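As given, the protein sequences belong to chains D and C, one line each in that order.
Position in the first sequence (first residue = 1) + 96 = my numbering.
Position in the second sequence (first residue = 1) + 132 = my numbering.
Where a beta carbon is used, it is the ideal one built from N, C-alpha and C, also for glycine.
No experiment lies behind these values; they were computed from the predicted model shown.
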Amino acid sequence: MAVMNEKEHARLIVSVSPHIRSDVSVSRIMWTVSIALFPALLMGVYFFGPRALFIVATCIVSSVFFEYLTAKVMGRPVTINDGSAFLTGLLLGMNLPSSLWSFSPFLIHVPIIGSFVAVAITKMLFGGLGYNIFNPALIGRAFLLISWPRAMTIFYKPTAAFLGFDAQTTATPLGILKEDGMNKLIEVFGTKSNLYLMKLIGQNAGSIGETSALALLIGGLYLLAKRYITWHIPVTFIATVAVVTWIFGGTDPATGKMVLFAGDPLLNVLSGGLMLGAFFMATDYVTGPTLRNAQILFGIGCGLITSLIRIKGGFPEGVMFAILLMNCFAPLLDRYVKRKPFGFRKEAAR
Amino acid sequence: MHFGRLLELIIAASLINNFVFTRYLGLCIFFGVSKKMDTALGMSMTFTAVMVISSALSWIIYKTVMIPLHLEFLEIMVFIGVVAGFVQAADTMMRKLSPGLYYKLGIYLALITTNCIILAVPLINAQEGYNFIEALCFGLGSGLGFSLALIIMASIREKLELADIPKSFRGLPISFVLTGLIALAFIGFSGLITL
Numbered sequence: 097m098a099v100m101n102e103k104e105h106a107r108l109i110v111s112v113s114p115h116i117r118s119d120v121s122v123s124r125i126m127w128t129v130s131i132a133l134f135p136a137l138l139m140g141v142y143f144f145g146p147r148a149l150f151i152v153a154t155c156i157v158s159s160v161f162f163e164y165l166t167a168k169v170m171g172r173p174v175t176i177n178d179g180s181a182f183l184t185g186l187l188l189g190m191n192l193p194s195s196l197w198s199f200s201p202f203l204i205h206v207p208i209i210g211s212f213v214a215v216a217i218t219k220m221l222f223g224g225l226g227y228n229i230f231n232p233a234l235i236g237r238a239f240l241l242i243s244w245p246r247a248m249t250i251f252y253k254p255t256a257a258f259l260g261f262d263a264q265t266t267a268t269p270l271g272i273l274k275e276d277g278m279n280k281l282i283e284v285f286g287t288k289s290n291l292y293l294m295k296l297i298g299q300n301a302g303s304i305g306e307t308s309a310l311a312l313l314i315g316g317l318y319l320l321a322k323r324y325i326t327w328h329i330p331v332t333f334i335a336t337v338a339v340v341t342w343i344f345g346g347t348d349p350a351t352g353k354m355v356l357f358a359g360d361p362l363l364n365v366l367s368g369g370l371m372l373g374a375f376f377m378a379t380d381y382v383t384g385p386t387l388r389n390a391q392i393l394f395g396i397g398c399g400l401i402t403s404l405i406r407i408k409g410g411f412p413e414g415v416m417f418a419i420l421l422m423n424c425f426a427p428l429l430d431r432y433v434k435r436k437p438f439g440f441r442k443e444a445a446r
Numbered sequence: 133m134h135f136g137r138l139l140e141l142i143i144a145a146s147l148i149n150n151f152v153f154t155r156y157l158g159l160c161i162f163f164g165v166s167k168k169m170d171t172a173l174g175m176s177m178t179f180t181a182v183m184v185i186s187s188a189l190s191w192i193i194y195k196t197v198m199i200p201l202h203l204e205f206l207e208i209m210v211f212i213g214v215v216a217g218f219v220q221a222a223d224t225m226m227r228k229l230s231p232g233l234y235y236k237l238g239i240y241l242a243l244i245t246t247n248c249i250i251l252a253v254p255l256i257n258a259q260e261g262y263n264f265i266e267a268l269c270f271g272l273g274s275g276l277g278f279s280l281a282l283i284i285m286a287s288i289r290e291k292l293e294l295a296d297i298p299k300s301f302r303g304l305p306i307s308f309v310l311t312g313l314i315a316l317a318f319i320g321f322s323g324l325i326t327l
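Here you go:
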């Protein structure tokens with residue numbers, strides 16, 4: 097047999113897939129997403145005080161604990177180092193109101209039960225990371241909202257006094273919009289531009305991590321720049337909410353009837369959990385569709401349901417339910433959206 | 133007749149008061165048939181058709197026979213009889229007239245007779261005092277809602293076939309957990325339309 101030179105030898109190596117090595121791994125993605133959430137968490141802690149930090153810490157610790165416990169009970173390898181339980185706890189904590197950490201009534205069991213539902217039931221019972229059908233943090237929050245409807249909707253007024261343990265309760269901007277209308281909201285915040293500014297930096301009532309739209313946007317853009325998420329879901333989700341609330345979201349202050357093309361898209365985009373949901377929770381790889389076209393439909397569906405609940409539903413905020421409902425449809429979307437064969441071009445088909 | 137109200141009735145019956153996810157009815161067929169997408173699709177088509185026709189039939193009998201004779205207290209028995217009779221008749225006729233369709237959908241027909249949604253729809257129609265068109269729309273909405281539930285469930289359960297679920301939870305138990313979680317998501321629709 098003739099001796100081959102180096103070049104010829106290299107040609108003989110059979111290779112099926114494109115084998116580009118990369119350092120992206122599950123744990124790396126999880127920790128990067130956690131870092132991207134950090135600015136929003138910081139704003140939440142700044143405005144709601146140390147109790148916000150305690151709640152988020154409770155969620156993280158109990159999520160990691162329940163992941164460890166269920167893995168042990170089920171006889172699986174313990175995977176708490178991949179950061180997914182940490183991220184679930186962080187997201188759940190950021191979705192809770194800071195009022196849960198108070199001494200009368202003492203409600204610290206609420207985040208712990210939420211973590212149990214999120215990690216043990218929604219994720220581990222279905223086979224662990226990669227098999228869960230629903231976003232664990234959102235199921236945790238939905239469960240808590242149904243079980244403790246009163247406690248989960250008491251929101252403290254942001255004070256920015258770091259050691260202030262006294263707190264005043266108030267409704268969220270979307271809650272005010274739903275109950276009393278736009279004029280009342282402007283009355284509370286002074287001017288309309290002040291309202292937008294407060295929404296951007298986060299000085300308004302709400303869950304710990306959802307108040308500052310700007311901080312969430314920074315985190316979301318960081319993930320986009322790192323290419324850990326693609327634009328398809330967040331952009332279609334936010335754009336659909338903006339368009340639908342602009343067309344159908346306006347009401348006549350005197351009669352309360354719907355006026356077309358009079359809604360406030362900017363307020364709706366900046367409000368509630370939309371930024372948090374669109375960038376960090378709807379983009380979950382496991383519970384969303386994987387095909388690009390399906391992702392676009394997924395985003396539009398999330399936006400439509402969110403707007404529907406905000407405008408007509410029984411709850412002031414609909415992002416959580418919208419993402420959960422679209423999670424149900426994700427396998428269906430992946431199944432029926434037409435795939436494009438690799439290398440397919442329109443000219444070639446003729 | 134107000135067209136908007138009919139649309140609201142269909143949406144309310146299919147999404148907001150979805151029989152499976154908010155009223156927890158019809159679970160036996162729901163779990164039995166949602167294992168595979170093919171059977172789920174066949175069942176949902178047959179189910180919707182039977183639902184519309186049987187709610188029409190029972191409405192006619194309720195209004196023309198039972199109310200004039202003051203027999204409202206017999207409604208449960210009469211409706212069971214009407215639905216079972218109709219399904220059996222459809223079964224026999226389909227076997228003779230179109231055997232192809234019978235082999236495709238016939239097995240589902242036999243199952244439907246024992247479904248509790250099929251009894252609940254005429255009862256609710258009678259209780260709410262819907263007129264004929266409204267009763268038809270309520271039947272249609274209920275059928276569509278059940279179909280939606282079946283199709284979602286089948287698509288998720290086919291995905292779960294590959295999942296590494298603990299042994300004691302495989303099959304029916306995890307489906308019950310899953311149904312509970314879907315029901316949690318469907319609570320988001322509550323309060324959307326107040327009829």
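### Query
Buried or exposed: residue 164 (chain C), going by 16 or more other Cβ atoms within 10 Å of its Cβ?
exposed
### alpha helix (DSSP H) segment containing residue 142 (chain D), residue limits
134–144
### Query
Taking Cβ positions only, does residue 152 (chain C) come closer than 8 angstroms to chain D?
no
### Message
Less than 8 angstroms between CB atoms is the rule here; does residue 252 (chain D) satisfy it with respect to chain C?
### Response
no
### Task
Determine which residues share a DSSP beta bridge with residue 265 (chain D) and list them.
D:252
### Message
If contact is defined by three or more beta carbon pairs under 8 angstroms, each pair taking one atom from either stretch, is the region 264–282 of chain C in contact with the region 193–212 of chain D?
### Response
no
### Query
So, using beta-carbon positions, are residue 255 (chain C) and residue 207 (chain C) closer together than 8 angstroms?
yes
### Message
Need the endpoints of the alpha helix (DSSP H) that residue 238 (chain D) sits in, please.
### Response
232–243
#### Entry: Rounded C-alpha distance that separates residue 321 (chain D) from residue 327 (chain D)
10 angstroms
### Task
Could you check the C-alpha separation between residue 422 (chain D) and residue 397 (chain D) for me, to the nearest Å?
7 angstroms
#### Entry: Coarse secondary structure for residue 186 (chain C), derived from DSSP in three states
helix
### Task
Give the DSSP-derived three-state secondary structure of residue 173 (chain D) in the structure shown.
coil
### Message
On the CB-based measure, 16 or more other CB atoms within 10 Å of its CB, does residue 413 (chain D) come out buried or exposed?
### Response
buried
### Query
Do we get a CB-CB distance below 8 angstroms when we pair residue 445 (chain D) with the residues of chain C?
Note that residue 445 (chain D) scores a pLDDT of 49, beneath 50, so its modelled location is shaky; the value from the coordinates is reported in the next line. With 8 angstroms as the cut-off, residue 445 (chain D) does not count as an interface residue toward chain C.
### Query
Can you find a C-beta in chain D that's less than 8 angstroms from the C-beta of residue 291 (chain C)?
yes
#### Entry: Helix, strand or coil at residue 346 (chain D) [DSSP, three-state]
strand
#### Entry: Close beta carbons around residue 237 (chain C), own chain, < 8 angstroms, minus the five adjacent residues each side
174, 177, 178 and 226
#### Entry: Environment of residue 406 (chain D) [buried if 16+ CB atoms lie within 10 Å]
buried
### Task
Report yes if the C-beta distance between residue 368 (chain D) and residue 415 (chain D) is below 8 angstroms; otherwise report no.
yes
### Query
Below 8 angstroms between beta carbons: does that hold for residue 292 (chain D) and residue 362 (chain D)?
yes
### Message
Measuring alpha carbon to alpha carbon, tell me which residue in D:189, D:120 and D:129 is nearest residue 141 (chain D).
### Response
D:189
### Task
Return the chain-ordered list of same chain residues with a C-beta closer than 7 angstroms to the C-beta of residue 253 (chain C), the five sequence neighbours on each side being excluded.
183, 187, 270, 271 and 274
### Task
Using a Cβ cut-off of 8 angstroms (strictly closer), state whether residue 296 (chain C) contacts chain D.
yes
### Query
If the cut is a Cβ gap below 9 angstroms, which residues of chain C does residue 425 (chain D) touch?
284 and 287
### Query
Hey, does residue 309 (chain C) have any beta-carbon neighbour from chain D nearer than 8 angstroms?
yes
### Query
So which of C:211, C:134 and C:288 has the shortest CA-CA distance to residue 193 (chain C)?
C:211
### Query
residue 176 (chain C) CB to nearest chain D CB: under 8 angstroms?
no
### Message
At the 8 angstroms Cβ level, is residue 88 (chain D) part of the contact set with chain C, yes or no?
### Response
With chain D covering only 97 through 446, there is no way to say anything about residue 88 (chain D).
### Beta-carbon spacing of residue 303 (chain C), residue 409 (chain D) below 8 angstroms
no
### residue 339 (chain D) (DSSP reduced to helix, strand or coil)
helix
### Message
Against residue 218 (chain D), what residues of chain C qualify as contacts under a CB-to-CB distance less than 8 angstroms, listed in chain order?
### Response
313
### Neighbour list for residue 173 (chain C) in chain D, Cβ cutoff strictly below 8 angstroms
Those do not exist, as residue 173 (chain C) stays about 12 angstroms from chain D at its closest Cβ, beyond 8 angstroms.
### Query
Around the Cβ of residue 97 (chain D), are there at least 16 other Cβ atoms within 10 angstroms (buried) or fewer (exposed)?
The predicted model places residue 97 (chain D) with a pLDDT of 44, which falls under 50 and marks its position as unreliable, so this point remains unresolved.
### Query
Tell me, which residues are paired with residue 355 (chain D) by DSSP?
D:346
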